[in-house]
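Note that our numbering has the sequence shown beginning at 20, numbered continuously upward.
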Amino acid sequence: MHRADHLAVNLRFEAQPRDGDGKPMQATCFYRYDAVEDTALILADPLAAYATSPYGMTLNGKAIGNPLLAEGIGRAMLKQGRALLERAQQGIDAATQQILHREQDVPSR
């Protein structure tokens, strides 16, 4: 079976500047093949064989190299981490409210 040594993901989006109309953008991110061997997971989901962070990127045809690429990946990971922590905190808060609500509904002995 022939495998590509990398995966290229093309994105088209519109950048929304704070004071103007949207600007069409195109990015391509390159991911290395990262699997050592075929597993059931990789056979079921071939994208699982590739790295989770890109090793290269172009933005509107211009190559984005290190350290700018590393900084962008770091910012994206921090944003994802903050979102995960926020969802976890919301879940904890909801569970706490349910416990408190149940305790109020239990008749005292």
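The C-beta atom is built at its ideal place from N, Cα and C for all residues, glycine as well.
8 angstroms contact criterion, which residue i and residue j should meet: CB distance rounded
i	j	result
Leu78	Met44	7 angstroms
Met76	Ala114	40 angstroms between Cβ atoms; not a contact.
Short Cβ contact (8 angstroms threshold) for residue i with residue j
i	j	result
Tyr74	Arg51	yes
Residues near residue i by beta carbon distance below 6 angstroms, same chain, minus five either side
i	result
Ala70	Tyr50, Arg51, Asp53
Asn29	Thr47
Gln109	none
Beta-carbon proximity list for residue i, same chain, < 7 angstroms, skipping 5 on both sides
i	result
His25	Phe49, Tyr50, Arg51, Tyr52
Gln35	Gly41
Ala67	Leu60, Ile61
Residues of its chain near residue i, where Cβ-Cβ distance is below 8 angstroms and the 5 sequence neighbours each way are ignored
i	result
Ala82	Gly75, Met76
Glu16	Absent from the model: residue 16. The displayed extent of the chain is 20 to 128, so no value can be given.
Note down, one range per segment and in chain order, each alpha helix (DSSP H) of at least 4 residues found wholly within the region 24-95. 59-63
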